[in-house]
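Asker: Residues are numbered in this note's numbering as their position in the sequence shown, beginning at 1, plus a constant of 105.
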Amino acid sequence: MPRGQALAVGILRGIGGIVREATEGQLTLRAMSLVYTTLLSMVPLLALSFSVLKAFGAHNAVEPLMLNLLEPLGEQGAEITRNVMEFIDNIQVGVLGFVGLIFLVYTVIALVQKIEQAFNDIWQVEGMRSFGQRFSNYLSVIMVGPLLVVSALGVTATVMSTALMQRVAAIEPLGMLLEAASSLIPIALIVAAFTFVYMFVPNTRVRLMPALIGAVIAGVLWQAVGWGFAMIVAGSTRYDAIYSGFAVVIMLLIWVYVSWLILLIGSKIAFYIQNPEYIRVRGAGQLPSAAMRERLGLHLMAEVGRRFLQGDKAPALEDLAHQLQVPSRVLAGPAGALERSGLLVVTGEDEPGYVPGRDLAAIPVNEILGALRHQEDDSLYQRMEGQGTVESLVERIERTRSEVLDSLTLRDLLTGGEPGSVAAS
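1. Put L289 into one of helix, strand or coil per three-state DSSP.
2. On the DSSP letters alone, give me the boundaries of the beta strand (DSSP E) that P461 sits inside.
3. Exposed or buried, E221, counting other C-beta atoms within 10 Å across all chains shown (16 or more means buried)?
4. Say whether the region 366-379 touches the region 296-316, bearing in mind that this needs 3 or more beta-carbon pairs closer than 8 Å, one atom from each stretch.
5. What did DSSP end up calling P307 once you bin it into helix, strand or coil?
6. For the pair the region 408-422 and the region 355-363, tell me if three or more CB-CB distances fall below 8 Å.
7. Starting from the Cα of E503, find the closest Cα among E472, I290, T520, L519 and give me that residue.
8. Rounded to a whole number of angstroms, what is the C-alpha to C-alpha distance between G371 and L139?
9. Leaving aside the five residues before and after L132 along the sequence, list all residues of the same chain whose C-beta is less than 8 Å from its C-beta, in chain order.
10. Using only alpha-carbon positions, find the residue among E382, G438, F413 that is nearest to E399.
11. What's the call for V495, buried or exposed, on a 16-neighbour Cβ count within 10 Å?
12. Which residues in the same chain as L358 place their Cβ atom closer than 8 Å to its Cβ, once the five residues preceding and following it in sequence are excluded?
13. Residues in its own chain within less than 7 Å of Q428 by CB, not counting five upstream and five downstream?
14. Since T514 sits in a beta bridge, which residues does DSSP pair it with?
15. Considering only the beta carbon of each residue, do L474 and L510 sit closer than 8 Å?
16. Opposite V451 in the DSSP bridges: which residues?
17. On a Cα-Cα basis, can you pick out the residue from N380, S446, G453 that is closest to R118?
18. Measuring CB atoms only, is the region 309-328 touching the region 172-186, in the sense that at least three cross pairs come out at less than 8 Å?
19. Would you kindly work out how many angstroms separate the C-alpha atoms of V230 and V435, rounded to a whole number?
20. Under the rule that 16 or more other beta-carbon atoms within 10 Å means buried, what is T514, buried or exposed?
21. Taking DSSP as the reference, what is the three-state secondary structure of P439?
22. Using a Cβ-Cβ cutoff of less than 7 Å, which residues in the same chain neighbour P457 once the five nearest sequence positions on both sides are dropped?
23. By Cβ distance below 8 Å, which residues in the same chain neighbour K219 in space, the five residues on each side in sequence not counted?
24. Find out if the Cβ-Cβ distance for the pair A93, R135 is shorter than 8 Å.
25. Go ahead and pull the three-state DSSP assignment for D464.
26. Out of A298, Q238, M356, which has the shortest C-alpha to C-alpha gap to L178?
27. Buried or exposed for I384, please, with buried defined as at least 16 other CB atoms from any protein chain shown within 10 angstroms of its CB.
28. Residues in its own chain within less than 7 Å of V321 by CB, not counting five upstream and five downstream?
29. Work out the CA separation of M314 and G289 for me, nearest whole Å.
30. Mind checking whether A440 and P432 have CB atoms under 8 Å apart?
31. In this structure, how does DSSP classify Q77 when only helix, strand and coil are distinguished?
32. Along the chain, where does the alpha helix (DSSP H) that runs through G410 open and close?
33. Where V330 and N308 are concerned, what is the direct C-alpha to C-alpha distance, given to the nearest angstrom?
34. Please name the residue in R187, T505, A419, R310 whose C-alpha comes closest to that of G453.
35. Please report the distance separating the alpha-carbon of V217 from that of L519.
36. Sorted by chain position, which residues of the same chain lie with C-beta nearer than 7 Å to L403's C-beta, five sequence neighbours on each side aside?
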């Protein structure tokens, strides 16, 4: 298939995967869950951020920042911002006491933890960070994040107001270009924030380019949906007559949900770009059959052995998954079984990879298949009662398999030699 056609097919498959995830996957459920947690944690999060910014004299930037985030809600967004800022001003940490302060911090940490769980689910990561890592990372996000955002806004405003930039703005068409560039600054800041989130939050290594592409798509989508949402809100005055005072709350719920959904979609796009083999996998819980596990394990051992013979760098699980065009989550099962049996060894380098556990001529193919077939503990079923004829048949199958494959080693498989020829020599 030509490269351009393959790229078009890949893009269409990616779009189909995103639509599938958004309609029948976990993205919508995760977004709904984050809406509730966001509303519960909004005031505590802003209160902690406000206290940090106040120490640096930048607390006045919180309200404009929140107004910008809620701009699609129109006048209702301004009303929500005023109410939230009043809540923050009324919070007195000294009056809260120790229990109140702990609850304040807990609600904020719960929000960040739920965000990490959502991103880990998208990136097929099962394990969470350690408690120490989570505490330090969450604290840095809560304390340093708002300061960086406000600093970026302040630097941008300062640069745009300098005498040099004013003189440049007076020159056409440079002035028009500068005005257009300044209008793109909010989108650029959103893209930068999304890129940071996509790389920082998941408990796995996310490359810059996939994160940036996902952030650009999500940022543009968020801005476009925001404009459309603002038009809908401006033309929906009849909802006030139906829902009365609840109309503001309903609009806020919808906008927070849409915002989280767009953010998660951007992360899913980054995931598909970095792991294109997942596009063809339908359903997160789909596991290979026993026969496919054996096939994957043989390919895995052959690829590790081939690179070892060539003197190449020990491949990581992600590299092997890309090479075999299968999800790393699916390949992790056979890799773990081979590692537990001693056929594979993980190197202790900064970037761990797989190497053969012993000489390739001393690894029978039958032993590889045995490790893959018996990767789970079968000791509980050793005393199983059954038909004697069935047990005899199973023994004959195992014996025949051993007779055929015991003499074939991994080196024979890679070099195309006769079974046992290398070992005999």
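Glycine included, C-beta positions come from ideal geometry on N, C-alpha and C. From a predicted model like this one, the values you see are computed outputs, not experimental measurements.
Answerer: The structure says:
1. Taking the sequence shown and counting its residues from 1, the one referred to as residue 289 is at position 184. Here L289 sits in coil by DSSP.
2. Mapped onto the sequence shown, residue 461 falls at position 356. From DSSP, the beta strand (DSSP E) with P461 extends over 459-461.
3. In the sequence shown, the residue the question calls residue 221 occupies position 116. E221 sits buried, since 16 or more C-beta atoms from the chains shown fall within 10 Å of its C-beta.
4. Contact between the region 366-379 and the region 296-316 is present, because at least three Cβ pairs lie under 8 Å.
5. Taking the first residue of the sequence shown as position 1, residue 307 is located at position 202. Of the three classes helix, strand and coil, the one that applies to P307 here is coil, per DSSP.
6. The region 408-422, when compared against the region 355-363, does not touch it at the 8 Å Cβ threshold.
7. Within the sequence shown, the letter at position 398 stands for residue 503. It is E472.
8. Here the question's residue 371 lines up with position 266 in the sequence shown. Here the question's residue 139 lines up with position 34 in the sequence shown. Going from the Cα of G371 to the Cα of L139 covers about 16 Å.
9. The residue you call residue 132 lines up with position 27 of the sequence shown. In the same chain as L132, and ignoring 5 residues on each side of it, the C-beta atoms closer than 8 Å to its own belong to E126, I227, L366, L369, I370, K373, in chain order.
10. Your numbering for residue 399 matches position 294 in the sequence shown. Per the Cα distances, G438.
11. Here the question's residue 495 lines up with position 390 in the sequence shown. By the beta-carbon neighbour count (other beta carbons within 10 angstroms, threshold 16), V495 is exposed.
12. Position 253 of the sequence shown, counted from the first residue, corresponds to residue 358. Closer than 8 Å at Cβ, skipping near neighbours: V140, L144.
13. Stepping through the sequence shown from its first residue, residue 428 is reached at position 323. So the list reads E408, once near-sequence residues are dropped.
14. Here residue 514 is taken as the residue at index 409 of the sequence shown, counted from 1. Answer is P469.
15. As a position in the sequence shown, residue 474 is number 369, starting the count at 1. As a position in the sequence shown, residue 510 is number 405, starting the count at 1. A contact, by the Cβ cut-off of 8 Å.
16. Counting from one through the sequence shown, the residue named residue 451 turns up at place 346. When beta bridges are read from the DSSP output, V451 appears opposite Y459.
17. Here residue 118 corresponds to residue number 13 of the sequence shown, with the count starting at 1. Nearest C-alpha to R118: N380.
18. Output reads no: the region 172-186 does not touch the region 309-328.
19. What you label residue 230 is simply residue 125 of the sequence shown in a count that begins at 1. What you label residue 435 is simply residue 330 of the sequence shown in a count that begins at 1. Rounded to whole angstroms, the separation of the alpha carbons of V435 and V230 is 12 Å.
20. On the sequence shown, residue 514 is found 409 positions in, with the first residue counted as 1. Buried, by the Cβ-count rule.
21. Against the sequence shown, residue 439 aligns to sequence position 334. Helix at P439.
22. Translated into the one-based positions of the sequence shown, residue 457 becomes position 352. Hits under 7 Å: A421, V451.
23. Along the sequence shown, one-based indexing puts residue 219 at 114. S138, L139, T142, listed in sequence order.
24. With the chain represented from 106 up to 530, any question about residue 93 goes unanswered, as that position is not in the structure.
25. Within the sequence shown, numbered from 1, the residue matching residue 464 stands at position 359. If DSSP states are grouped into helix, strand and coil, D464 belongs with coil.
26. On the sequence shown, residue 178 is found 73 positions in, with the first residue counted as 1. It is M356.
27. As a working mapping, residue 384 is identified with position 279 in the sequence shown. Buried: at least 16 other Cβ atoms inside 10 Å.
28. The residue labelled residue 321 in the question sits at position 216 within the sequence shown. When the five nearest sequence neighbours on each side are left out, the beta carbons in the same chain lying within less than 7 Å of the beta carbon of V321 are those of V296, in order along the chain.
29. One-based indexing of the sequence shown puts residue 289 at position 184. One-based indexing of the sequence shown puts residue 314 at position 209. Strictly speaking, residue 289 in this sequence is Leu, with Gly absent from that position. Distance between the alpha carbons of L289 and M314: 20 Å.
30. Along the sequence shown, read from residue 1 onward, the residue named residue 440 stands at position 335. Along the sequence shown, read from residue 1 onward, the residue named residue 432 stands at position 327. No.
31. It is not possible to answer for residue 77, since the shown part of the chain is limited to 106 through 530.
32. For the purposes of this step, residue 410 is identified with residue 305 of the sequence shown, where counting begins at 1. Where G410 is concerned, the enclosing alpha helix (DSSP H) stretches over 395-415.
33. Residue 330 sits at position 225 when you count from the first residue of the sequence shown. Residue 308 sits at position 203 when you count from the first residue of the sequence shown. Linking V330 to N308 through their CA atoms gives a straight-line distance of about 29 Å.
34. Along the sequence shown, read from residue 1 onward, the residue named residue 453 stands at position 348. Of all alpha-carbon atoms in R187, T505, A419, R310, the one lying nearest the alpha-carbon of G453 is that of A419.
35. Taking the first residue of the sequence shown as 1, we reach residue 217 at position 112. Taking the first residue of the sequence shown as 1, we reach residue 519 at position 414. A straight line joining the alpha-carbon of V217 with that of L519 spans about 48 Å.
36. Here residue 403 refers to the residue found at position 298 of the sequence shown. Excluding sequence neighbours, L403 sits near I473.
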